[in-house]
Structures are given as structure tokens and as C-alpha cells.
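**Student:** Just dropping this structure here.
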Amino acid sequence: MDIRSTYGTYDVQYGNVRRPNHWNTSWDQAKFESVAHRFADLSERNYGVSILNDCKYGHDIKDNVLRISLLRAGTHPDHLQDQGVHTFTYALLPHKGDFIEGRVVQEAFALNEPMQVMEGKSVLPYDSFLSFDNDQVEVDAVKKSEDGQYIVIRFHEFAGSKQNVTVKPGFGYQAWAQCDLRERPITEFVPGEISMSLHPYEIMTILVKA
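Heads up, the sequence shown is in this note's numbering, so the first residue is 324 and it goes up one at a time.
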């Protein structure tokens with residue numbers, strides 16, 4: 324591709340990692356493949372290209388060439404690895420700007436979690452069950468708390484920059500509080516709007532008292 328950049332961006336859980344796309348040292352040469360979950364991206368200031376996928380996690384970017392590893396045939400430790408029939412989806416996504424401006428994370432999410440259509444009559448209003456006012460925040464989980472008292476909402480900032488975000492539940496609620504990953508409140512429950520500031524790549528979990 325006609326793209327000039329010294330690094331590629333690889334998607335990982337709760338964020339992304341930049342890695343050089345040159346093999347100038349023996350260390351670089353040993354990294355012939357890098358892990359990425361949903362996409363690997365090569366961008367310059369106003370244009371870029373991403374490889375999206377739904378289940379293949381080995382990628383490498385050398386100079387201006389992007390590659391994705393589809394199968395492996397190693398003999399150790401498992402000489403039978405990757406044998407059989409494979410079904411997978413991948414896509415090439417040209418975009419404007421870098422991976423943030425080009426909404427690569429959102430496109431990769433849509434590829435991995437496609438819209439599902441259910442037949443039947445809805446008894447709910449057409450508002451979203453849950454929405455955010457910031458496109459650089461991704462939802463990770465919505466569930467009932469282990470003690471059954473609250474609704475747990477977990478999300479994170481994926482662009483690597485400080486963000487302000489407002490969570491907008493599509494249901495009535497009494498109060499909310501921040502909690503740790505074990506669902507223990509770390510702030511007081513407060514009524515009103517669910518708004519907060521996030522640090523780069525911060526994982527935030529909140530409890531909502533419905």
C-alpha cells in the first residue's frame with residue numbers, strides 16, 4: 324500500500340498497541356508476527372488501511388505490507404494444530420485519518436458482533452437500552468450483579484486519551500456508584516446523571532440501582 328508510517332496499530336483487549344513496522348534490529352526480526360484481536364492498522368496522517376477479522380489473531384506489518392496468518396502448521400507442541408475445516412471472516416477497510424478518525428474500532432466491533440434480528444412484536448419503546456455520548460468509549464459488559472441488587476455496566480476508553488462520558492440508560496434508575504472489578508462500591512451511590520472522566524485506556528465499572 325502507498326502508506327508511509329514507521330509503526331502499525333494492533334487491537335488488544337481494552338485498548339491497542341503500537342509496534343514498529345521495520346526489522347532494523349535482531350529483536351525486530353524475531354517479532355515476525357504480532358498478536359491482534361480484531362484489527363491491525365497502518366495509517367499516515369490523513370489515510371489508512373486496516374485488516375479486520377473475527378477469529379484470526381496473528382498479524383504482521385512490514386514496511387507498507389499488512390499480513391494476517393490464517394493457518395499454522397507447527398509440529399511442536401501440537402503437531403495437529405489447525406487441521407480441519409476453518410470458517411472465518413476478514414475484511415480490508417480503507418479509511419480517512421488514523422484508526423480513531425476512521426472509526427476502525429467501531430467497524431471491527433460490528434464485524435465481530437453483527438446485528439441480530441428477532442421476529443416478534445416488541446413491548447418496549449424504541450429508545451436504546453443503553454447509550455453513551457462519546458464514540459471513544461466501548462461497552463464491555465451489562466449484567467446483573469452477583470448479589471442480584473444492581474445492574475453492572477462495564478466500559479473502557481480505547482483511544483488512549485482522556486475523555487468525558489455520560490452514560491444514558493434507557494430505563495429508570497434511582498442511583499449509581501463506581502465499583503471495583505469484584506462489584507464492590509468504591510464511591511457513594513448518588514442520584515442523577517451518570518457522568519465521569521476517564522483516563523487513557525481506563526476500565527470503568529458502575530453499579531446502577533434500578
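C-beta atoms are modelled at their ideal positions from N, C-alpha and C, and glycine is treated no differently.
In whole angstroms, what separates the C-alpha of residue 505 from that of residue 526?
**Tutor:** 13 Å
**Student:** Alpha carbon to alpha carbon, how far is residue 454 from residue 495?
**Tutor:** 14 Å
**Student:** Along the chain, where does the alpha helix (DSSP H) containing residue 440 start, and where does it finish?
**Tutor:** Secondary structure note for residue 440: it is in no alpha helix (DSSP H), with a DSSP letter that is neither H nor E.
**Student:** Mind checking which residues open and close the alpha helix (DSSP H) that includes residue 363?
**Tutor:** Not the alpha helix (DSSP H): residue 363 falls in the beta strand (DSSP E), residues 362 to 366.
**Student:** For residue 478, is the classification buried or exposed, using 16 other Cβ atoms within 10 angstroms of its Cβ as the cut-off for buried?
**Tutor:** buried
**Student:** Straight-line CA distance for residue 354 to residue 481?
**Tutor:** Cα to Cα, residue 354 sits roughly 24 Å from residue 481.
**Student:** Leaving aside the five residues before and after residue 395 along the sequence, list all residues of the same chain whose C-beta is less than 7 Å from its C-beta, in chain order.
**Tutor:** Correct list, in chain order: 404 and 405.
**Student:** Is there contact between the stretch 423 to 438 and the stretch 383 to 393, where contact requires at least three CB pairs shorter than 8 Å?
**Tutor:** no
**Student:** With DSSP collapsed to three states, give me the class of residue 335.
**Tutor:** strand
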